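Residue numbers (this note's numbering), protein chains in the order written: chain A, 44 to 147; chain B, 3 to 208.
One structure below.
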């Protein structure tokens, strides 16, 4: 029930934003699909950063264990902050590419 | 990064968004949890082994640690084994998890001579090795292994490899969360245990 409410509300504000963008801001409805594509690219870049961050964290933990013999827990990767930081990295990287004219 | 990179990122993003929505707004996590759930084998055994989770520096057991501890105590009180082994080290100089658990068991009327503690293991693999060393001289062969269901997938083969006949006893009961946040939390636990199992598999531990 809670899920349906959240989903319906987010859908409602999305539809509202769509019509607000077209009616008041003069945005093109034709570029809406491209905007969704950009959103997916940003999410994808975020997930790539997340995977690289976690893989590097595990590698470093295992290396420290192997070199020093002291115990460092792999559970350092079990923290929601990795997702937040990866999101910042992914968004910044995507914006940087966009503002630089996406060099090939 | 060119067009191909963009396309790959878009596909990863699409998969991520679809997985997120399916997890938050459908019973996907519950189905997965049910599919991987381990059935408890409540048979009379030589010992009950309660695996570690976490304890705070002030000596407060985590929710999962309390759940496992209470489950172990319950199994003992039901007469399923005469010996209770608690595992778990200290966190930032506080009391060890095993000692906090043992104290809790004593408060529940379990005699001190029926409780053993192990406080030095850091990983599940080390727990199996240390428990083997602890119980070998006592001739213990069959154990009731208490931990959460997802963890049992890699804990069980480790203890079997250590020479025990393992009767798995999941500390968590099947949950069917309705709220999106709870579903995401359940999926996070499932994925964490899946990655842990994968790592142990690649490393050749299980």
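Glycine included, C-beta positions come from ideal geometry on N, C-alpha and C.
Being a predicted model, the structure only gives us computed values, none of them experimental.
Quiz item: Should residue 6/B go down as buried or exposed, given a rule of 16 or more other Cβ atoms within 10 Å for buried?
Solution: Here residue 6/B refers to the residue found at position 4 of the second chain. Per the 10 Å Cβ criterion, exposed.
Quiz item: Which bits of chain A does residue 124/B rub up against, with CB to CB less than 8 Å?
Solution: The sequence position of residue 124/B within the second chain is 122, counting from 1. Neighbours of residue 124/B on chain A, chain order: 114 and 116.
Self-check item: Straight-line Cα distance separating residue 30/B from residue 18/B
Solution: Numbered from 1 along the second chain, position 16 holds the residue referred to as residue 18/B. Numbered from 1 along the second chain, position 28 holds the residue referred to as residue 30/B. Cα to Cα, residue 18/B sits roughly 14 Å from residue 30/B.
Practice problem: Could you please give the first and the last residue of the uninterrupted alpha helix (DSSP H) stretch that includes residue 132/B? | Solution: Taking the second chain and counting its residues from 1, the one referred to as residue 132/B is at position 130. That run of the alpha helix (DSSP H) goes 126-137.
Self-check item: Whole-number beta carbon distance between residue 169/B and residue 47/B, since they are thought to touch under 8 Å
Solution: Counting from one through the second chain, the residue named residue 47/B turns up at place 45. Counting from one through the second chain, the residue named residue 169/B turns up at place 167. Confirmed, Cβ separation roughly 6 Å.
Exercise. Run the CB neighbour count on residue 153/B, radius 10 Å, all protein chains shown included, and call it buried at 16 or more, exposed below.
Key: Here residue 153/B refers to the residue found at position 151 when the second chain is read from its first residue. So residue 153/B counts as buried.
Quiz prompt | C-alpha gap between residue 147/A and residue 138/A, whole angstroms | solution = What you label residue 147/A is simply residue 104 of the first chain in a count that begins at 1. What you label residue 138/A is simply residue 95 of the first chain in a count that begins at 1. Note on residue 147/A: pLDDT 48, under 50, position unreliable in the model; the coordinate value appears next. Their Cα atoms are separated by approximately 15 Å.
Exercise. Just the chain B side, please: which residues come within less than 9 Å of residue 85/A by C-beta, in chain order?
Key: Residue mapping note: residue 85/A aligns to position 42 of the first chain, counting from 1. Neighbours of residue 85/A on chain B, chain order: 11 and 15.
Quiz item: So is the beta-carbon of residue 110/A under 7 Å away from any non-hydrogen atom of the ligand NAP?
Solution: Ligands displayed in this structure: none; no statement on the ligand NAP is therefore possible.
Quiz item: Taking contact to mean at least 3 C-beta pairs separated by less than 8 Å, is the segment 43-57 of chain B in contact with the segment 67-81 of chain A?
Solution: no
Exercise. Find the nearest neighbour of residue 49/A within the set 87/B, 206/B, 28/B and 137/B, judged by alpha-carbon distance.
Key: One-based indexing of the first chain puts residue 49/A at position 6. Closest by alpha carbon: 28/B.
Quiz item: For residue 112/A, does the count of other Cβ atoms within 10 angstroms reach 16, so buried, or fall short, so exposed?
Solution: Here residue 112/A corresponds to residue number 69 of the first chain, with the count starting at 1. Per the 10 Å Cβ criterion, exposed.
Quiz prompt | Top-ranked residue by Cα proximity to residue 130/B, from 80/B, 88/B, 23/B and 24/B | solution = For the purposes of this step, residue 130/B is taken as the residue at position 128 of the second chain. Checking every option, the nearest Cα to that of residue 130/B belongs to 88/B.
Practice problem: Compare the Cα-Cα distances from residue 23/B to each of 53/A, 60/A and 74/A and report the closest residue. | Solution: Along the second chain, read from residue 1 onward, the residue named residue 23/B stands at position 21. The shortest C-alpha separation from residue 23/B is found at 53/A.
Quiz item: Using a Cβ-Cβ cut-off of 8 Å (strictly less than) and excluding sequence neighbours within five positions of residue 107/B, which residues of its own chain qualify?
Solution: By 1-based counting over the second chain, the position of residue 107/B is 105. Closer than 8 Å at the Cβ level, and outside the excluded window around residue 107/B, lie 71, 74, 75, 78, 86, 88 and 117.
Quiz item: Counting contacts by CB-CB distance shorter than 8 Å, is residue 19/B in contact with chain A?
Solution: Here residue 19/B refers to the residue found at position 17 of the second chain. Taking Cβ atoms only, chain A reaches closer than 8 Å to residue 19/B, which makes this a yes.
Practice problem: Can you tell me which of the three DSSP states residue 49/B falls into? | Solution: Walking along the second chain from the start, residue 49/B turns up at place 47. Strand, per DSSP.
Self-check item: Inter-stretch contact at 8 Å, needing at least 3 Cβ pairs: the segment 177-188 of chain B / the segment 146-162 of chain B
Solution: no
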